[in-house]
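In terms of numbering that gives the first Met the number 0, the sequence shown opens at residue 0 and continues consecutively. Don't be surprised by glycine CBs; every beta carbon is placed ideally from N, CA and C.
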Amino acid sequence: MSRQPLRLAILEAERMLSAAGVASPRTDAELLAAHLLGVERTKLMMVPLVDPPVVQALHDLVRRRAARVPLQHLTGTAALGNVTLSVGPGVFVPRPETELLLAWGLATLEGVDRPTVVDLCTGSGALALAMANARPDANVHAVEKDPAALAWARRNADRQAQAGDTPIRLYAGDVTDPTLFMELEGLVDLVLCNPPYVPEGTPVPPEVRNHDPHEAVFGGHDGLDVVRRVVGCAARLLRPGGGVAIEHDDTHGGSVPALLRARRVLDDVQEHTDLAGRPRFATARRACSR
């Protein structure tokens, strides 16, 4: 069997993905090829020729991606910060937009020694594990109510601990429980949350509609059912001067800051946009005693 140019296989993959309406066909084609070959995407040019079985295997992956199976389900991984997470059916796939929330949280902790951090609605464990990786001195707690997602989080937490990261404390629990983390009330330096926030009935891409868990995406008729509880939980947990960051839908640029301002113990409420300029997360701090 004669070897074939990888470049042509990627071009064909791009064509198939573009025809299927995939938003980033070239990127996805190259990432699938890199995954299959076990190389970095930037090193694909160093693999000019591949055997026909590789071309067929790439075609099979691309066909599944064209059917709108999430890219991360095909590669089995997603990244946040410097952490690569295992993901798949039953857990929400972390999005690049959450990098901005993570960056805000890390900046907030600058100068804070041995901070206590809580990640609400942790899902795959993404924010908690990225924080523990970046701040080895942090005491990180994470909570998730869905058993399937919690299993993915435990898998990721175990792997990161084996790799040398500071272990996180992972709990099964619900942010609507008023007794959640009672032992941490008034002691937390940072609360992070990427909750379900899409208003029910909002059209979403097939990757989200058919593969992300419904309860991890949709947050009630206005998308704020869980966010309201998160705001209350954060106000209870934060120490004076501590910060909270909550990711939200791009239609919530006014409503989530308003929920934060409604809590008299919170101040310095700010809205933050994503790289496309859309409202993406809101932050606040626990007011210091006067």
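With 16 other Cβ atoms within 10 Å as the buried cut-off, status of residue i
i: histidine 220; result: exposed
i: histidine 58; result: exposed
i: arginine 113; result: exposed
i: threonine 107; result: buried
i: serine 123; result: buried
i: arginine 134; result: buried
i: cysteine 232; result: buried
i: glutamine 161; result: exposed
i: glycine 200; result: exposed
i: aspartate 266; result: exposed
i: valine 203; result: exposed
i: leucine 274; result: exposed
i: proline 195; result: buried
i: glycine 276; result: exposed
i: alanine 257; result: exposed
i: aspartate 176; result: exposed
i: glycine 104; result: buried
i: alanine 281; result: buried
i: aspartate 145; result: buried
Distance between beta carbons of residue j and residue i, contact taken as under 8 Å
i: arginine 279; j: aspartate 249; result: 7 Å
i: proline 239; j: arginine 285; result: 5 Å
i: valine 264; j: alanine 244; result: The Cβ separation is near 16 Å, so there is no contact.
i: valine 117; j: leucine 183; result: 7 Å
i: alanine 8; j: valine 38; result: Wrong, their Cβ atoms sit about 14 Å apart, outside the cutoff.
i: leucine 236; j: phenylalanine 180; result: 6 Å
i: valine 226; j: glycine 218; result: 6 Å
i: alanine 129; j: glycine 80; result: 3 Å
i: leucine 30; j: leucine 70; result: 6 Å
i: aspartate 188; j: valine 111; result: 5 Å
Contact under 9 Å by Cβ, residue i with residue j
i: alanine 152; j: glutamate 143; result: yes
i: proline 4; j: alanine 12; result: no
i: alanine 56; j: alanine 148; result: no
i: glutamate 246; j: cysteine 192; result: yes
i: alanine 174; j: arginine 228; result: Correcting the residue type first, residue 174 is valine in the shown sequence and not alanine. Going by C-beta atoms, valine 174 is nearer than 9 Å to arginine 228.
i: glycine 242; j: alanine 283; result: yes
i: valine 82; j: asparagine 138; result: no
i: arginine 14; j: proline 51; result: no
i: leucine 101; j: leucine 126; result: yes
i: threonine 121; j: alanine 150; result: no
i: histidine 251; j: histidine 72; result: no
i: arginine 158; j: serine 85; result: yes
Residue span of the alpha helix (DSSP H) that contains residue i, given as start and end
i: asparagine 209; result: 205-210
i: histidine 58; result: 51-65
i: arginine 235; result: 224-236
i: asparagine 81; result: Neither: asparagine 81 is in no alpha helix (DSSP H) and is coded neither H nor E.
i: histidine 34; result: 24-36
i: threonine 282; result: Threonine 282 -> not in any alpha helix (DSSP H); beta strand (DSSP E) instead, spanning 278-285.
i: glutamate 109; result: Glutamate 109 -> no alpha helix (DSSP H), and no H or E assigned at all.
i: aspartate 157; result: 146-161
i: valine 216; result: 213-216
i: serine 123; result: Taken as a continuous stretch (DSSP letters only), serine 123 belongs to no alpha helix (DSSP H), as it is neither H nor E.
i: threonine 74; result: 70-74
i: arginine 6; result: 5-18
For residue i, the first and last residue of its enclosing beta strand (DSSP E)
i: cysteine 192; result: 187-192
i: alanine 171; result: 168-171
i: threonine 115; result: 115-119
i: threonine 250; result: It is not in any beta strand (DSSP E) - threonine 250 carries neither H nor E in the DSSP assignment.
i: glutamate 143; result: 138-143
i: glutamate 199; result: Glutamate 199 -> no beta strand (DSSP E), and no H or E assigned at all.
i: glutamate 270; result: 265-272
Heavy atom of the ligand PLP within 8 Å of residue i beta-carbon
i: threonine 175; result: Judged by which ligands are present, the structure shown has none, so any question about the ligand PLP falls away.
field: Contact between the segment 62-75 and the segment 12-29 (3+ Cβ pairs under 8 Å)
entry: yes
field: Validate contact between the segment 89-99 and the segment 165-173 using beta carbons, cut 8 Å, 3 pairs
entry: no
- prompt: Taking three-plus beta-carbon pairs below 8 Å as touching, is the segment 76-95 in contact with the segment 220-237?
  reply: no
query: Would you say the segment 26-41 touches the segment 69-80, given that touching needs at least three Cβ pairs under 8 Å?
result: yes
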